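Chain order of the listed sequences is F and W. Heads up: the first sequence begins at 1 in the numbering used here, then just goes up one per residue. Heads up: the second sequence begins at 1 in the numbering used here, then just goes up one per residue.
Protein chains: 2
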Amino acid sequence: MNSIFGSPELLESLKEHMQIEQFAKGEIIEQAGVVSKRIFFIKKGLIRVFYRASGKEICCHFAKENEVLTGIDSFFTGKPTIYTSQALEPTECYSLSKSKLDWVFDHVEGMDRYGRIFMIDAYSELVERYNSIVSMSAQERYDSFMVNHSDLLNRVPLGYISSYLGMQQETLSRIRSRQN
Amino acid sequence: MNSIFGSPELLESLKEHMQIEQFAKGEIIEQAGVVSKRIFFIKKGLIRVFYRASGKEICCHFAKENEVLTGIDSFFTGKPTIYTSQALEPTECYSLSKSKLDWVFDHVEGMDRYGRIFMIDAYSELVERYNSIVSMSAQERYDSFMVNHSDLLNRVPLGYISSYLGMQQETLSRIRSRQN
DNA sequence: AACCGTTTTTGATCTAGATCAAAAGAAACC
DNA sequence: GGTTTCTTTTGATCTAGATCAAAAACGGTT
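As structure tokens, this is what we get:
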């Protein structure tokens with residue numbers, strides 16, 4: 001999820017256009033309903049991304065240090081985002097505004113290519129999650145989360161993780177307790 | 001899902017590199033386990049894309065006339081695909097080989113940009129499907145399928161549609177019968 | 001260390017949809 | 001046109017996980 005910054009030279013030429021931003025624990029970074037205006041490179045901290053469906057908050061992504069955060073549905077299309085992002089820890093980011101990024105896409109050599117590859121990564125990640133929901137049991141999804149993101153278990157409230165995994169908090173709690 | 005061909009000039013400059021290919025009903029177009037070598041612009045016909053998970057075939061995409069088909073997980077990354085694609089009707093496509101497309105990415109102005117936008121579209125579609133699985137009932141998924149793809153109901157065997165919708169064939173049949 | 005709000009666990013019950021099994025309809029084939 | 005094979009429907013039962021409800025555990029705060 002961070003290949004857009006996979007090239008050191010490219011990152012260097014972006015840095016001069018970036019701002020540093022700080023967010024307190026609990027602070028909303030971008031709100032659903034507005035057009036996403038910035039892309040963030042997270043230096044330190046942890047963010048959850050969620051949306052509302054059938055009256056519930058569904059957590060669809062966690063982004064932490066050294067990862068990239070953006071409202072993909074909005075930032076690249078210009079439509080209002082359905083996602084809200086919120087800092088779960090004190091968080092520090094470099095941010096790049098949409099207008100700067102558009103300028104960069106037009107003027108920095110190789111940027112479209114990195115944009116394309118960034119999208120391919122995001123897509124692959126989503127395919128994984130889709131398949132896990134369709135063909136794995138709650139237990140299996142938990143196991144696979146533990147393999148890939150075990151560090152988050154101690155940094156994120158259980159309810160957010162359970163919604164990320166597509167199950168109720170009670171179910172996740174029970175799965176966890178019968179482990180040992 | 002066809003924005004890569006959204007630009008007439010671009011399509012024109014691609015055409016000279018393309019082949020015409022025909023597939024009989026039931027014919028396998030690309031097989032899981034190999035690296036996807038071609039991207040297809042479907043002129044006529046219908047294709048299902050599926051993969052195996054827990055011993056079952058799961059249908060994840062239908063592509064029909066005027067749409068684009070490719071093993072996104074493989075074609076752009078060079079890894080073997082997990083997807084098999086099969087013609088459900090006699091199907092006619094323009095195809096463009098990976099090596100040609102790479103050449104095009106390097107030599108045709110604006111191609112990276114179209115690749116990026118193509119990925120954004122594919123991503124948006126997948127987000128829709130993911131959300132529908134997580135937050136909608138079987139009935140609601142069926143309803144939404146009927147709104148967006150009602151034509152497919154008469155062209156595709158029920159079992160493929162039910163697996164696309166993430167439910168058993170019996171369930172889909174029952175939902176359909178209680179409609180009227 | 002006692003209080004209060006939040007998060008997690010535990011228990012009891014319920015239900016959408018899966019699974020198993022078989023019948024009924026459609027297509028394909030000789 | 002009748003037999004075989006594939007597809008869809010119908011019926012009966014079962015289960016993973018949801019829902020509802022309450023108790024326990026965990027911080028912070030004064």
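By construction, the Cβ of each residue, glycine as well, lies at the ideal position given by its N, Cα and C atoms. Bear in mind the structure is a predicted one, so any value in this text is a computation, not a measurement.
For this session: Determine whether the Cβ of F:Leu126 lies closer than 7 Å to any Cβ atom of chain W.
Result: The C-beta of F:Leu126 comes closer than 7 Å to at least one C-beta of chain W.
Problem set entry | CB-CB length for W:Arg155 against W:Glu89, believed under 8 Å | Approximately 7 Å separates the beta-carbon atoms of W:Arg155 and W:Glu89; this is inside 8 Å, confirming the contact.
Exercise. What did DSSP end up calling W:Leu172 once you bin it into helix, strand or coil?
Worked result: Helix at W:Leu172.
For this session: Within the same chain, show all residues whose beta-carbon is closer than 6 Å to that of F:Gly166, passing over the 5 residues directly before and after it, in chain order.
Result: Cβ neighbours of F:Gly166 beyond the five flanking positions: Ile133.
Exercise. Would W:Ala53 count as contacting chain F if we go by Cβ distances under 7 Å?
Worked result: Answer yes: the Cβ-Cβ gap between W:Ala53 and chain F drops below 7 Å somewhere.
For this session: Note down, in chain order, all residues in the segment 63 to 77 of chain F with a beta-carbon under 7 Å from any beta-carbon belonging to chain W.
Result: Of all residues in the segment 63 to 77 of chain F, the ones placed with a Cβ closer than 7 Å to any Cβ belonging to chain W are Ile72, Asp73, Phe76 and Thr77, in chain order.
Exercise. Taking DSSP as the reference, what is the three-state secondary structure of F:His200?
Worked result: The structure shown does not extend to residue 200 of chain F, since chain F is modelled only from 1 to 180, so the question has no answer here.
Problem set entry | Inter-residue Cα distance where the pair is F:Gly33 and F:Gly55 | Pairing F:Gly33 with F:Gly55, the inter-Cα distance amounts to about 16 Å.
Problem set entry | Where the beta strand (DSSP E) containing F:Val49 begins and where it ends | Taken as a continuous stretch (DSSP letters only), the beta strand (DSSP E) holding F:Val49 covers Leu46 to Ala53.
Problem set entry | Rounded C-alpha distance that separates F:Ala53 from F:Ile82 | Cα-Cα distance, rounded: 10 Å.
Exercise. Can you tell me where the alpha helix (DSSP H) with W:Tyr142 in it begins and where it stops?
Worked result: W:Tyr142 -> alpha helix (DSSP H) spans Ala138 to His149.
For this session: Count the other C-beta atoms from every protein chain shown that fall within 10 angstroms of the C-beta of F:Lys44, then say buried if there are 16 or more, exposed otherwise.
Result: It is exposed - the Cβ of F:Lys44 has fewer than 16 other Cβ atoms within 10 Å.
Exercise. Hey, is F:Met119's beta-carbon within less than 7 Å of any beta-carbon in chain W?
Worked result: At least one chain W Cβ lies under 7 Å of F:Met119.
Problem set entry | Contact check, F:His17 vs F:Leu96, beta carbons under 7 Å | In contact: F:His17 and F:Leu96 (Cβ atoms closer than 7 Å).
Problem set entry | Cβ pair count under 8 Å reaching 3, the segment 69 to 87 of chain F against the segment 156 to 175 of chain W | Of all C-beta pairs linking the segment 69 to 87 of chain F to the segment 156 to 175 of chain W, fewer than three are shorter than 8 Å, placing the two stretches out of contact.
For this session: Put F:Met1 into one of helix, strand or coil per three-state DSSP.
Result: Below a pLDDT of 50, predicted positions are generally treated as unreliable, and F:Met1, at 40, falls in that range; the measurement from the model is reported next regardless. Assignment of F:Met1 by DSSP, reduced to helix, strand and coil, places it in the coil class.
Problem set entry | Interface flag, F:Val35 vs chain W, CB-CB below 7 Å | So no, F:Val35 is outside the interface.
Problem set entry | 7 Å Cβ cutoff, F:Asn2 in contact with chain W | Summary for F:Asn2: the model assigns pLDDT 44, below 50, so the residue's position carries little reliability; its value from the coordinates is reported in the next sentence. Not one chain W Cβ lies under 7 Å of F:Asn2.
Exercise. Counting Cβ pairs closer than 8 Å, one from the segment 13 to 30 of chain F and one from the segment 55 to 65 of chain F, do we hit at least three?
Worked result: Contact between the segment 13 to 30 of chain F and the segment 55 to 65 of chain F is absent, because fewer than three Cβ pairs lie under 8 Å.
Exercise. Between the beta-carbon of W:Ser36 and the beta-carbon of W:Ser74, is there less than 7 Å?
Worked result: It is a contact, given that the beta carbons lie within the stated cut-off.
For this session: Kindly indicate which residue of W:Ile39, W:Tyr94 and W:Leu153 has the alpha-carbon position closest to the one of W:Gly78.
Result: Ranking the options by Cα distance to W:Gly78, first place goes to W:Ile39.
For this session: Please name the residue in W:Arg176, W:Leu101, W:Lys15 and W:Arg141 whose C-alpha comes closest to that of W:Tyr94.
Result: Nearest C-alpha to W:Tyr94: W:Lys15.
Problem set entry | Rounded separation between W:Ser177 and F:Tyr123 - CA only | In this structure, the CA atom of W:Ser177 is about 36 Å from the CA atom of F:Tyr123.
For this session: Using a Cβ cut-off of 8 Å, pull out every chain F residue sitting near W:Tyr160, in sequence order please.
Result: When 8 Å is used as the limit between beta carbons, W:Tyr160 is near no residue of chain F, the shortest such separation being about 14 Å.
Problem set entry | Separation of W:Ser13 from F:Gly26, as counted between CA atoms | Rounded to whole angstroms, F:Gly26 to W:Ser13 spans 51 Å at the Cα level.
Problem set entry | Residue of F:Phe76, F:Ser144, F:Thr91 and F:Ala63 minimising C-alpha distance to W:Arg113 | It is F:Phe76 whose Cα lies nearest to the Cα of W:Arg113.
Exercise. Can you tell which of F:Thr70, F:Ile28 and F:Gln31 has the C-alpha that lies nearest to the C-alpha of F:Ile42?
Worked result: With distances taken between Cα atoms, F:Ile42 lies closest to F:Thr70.
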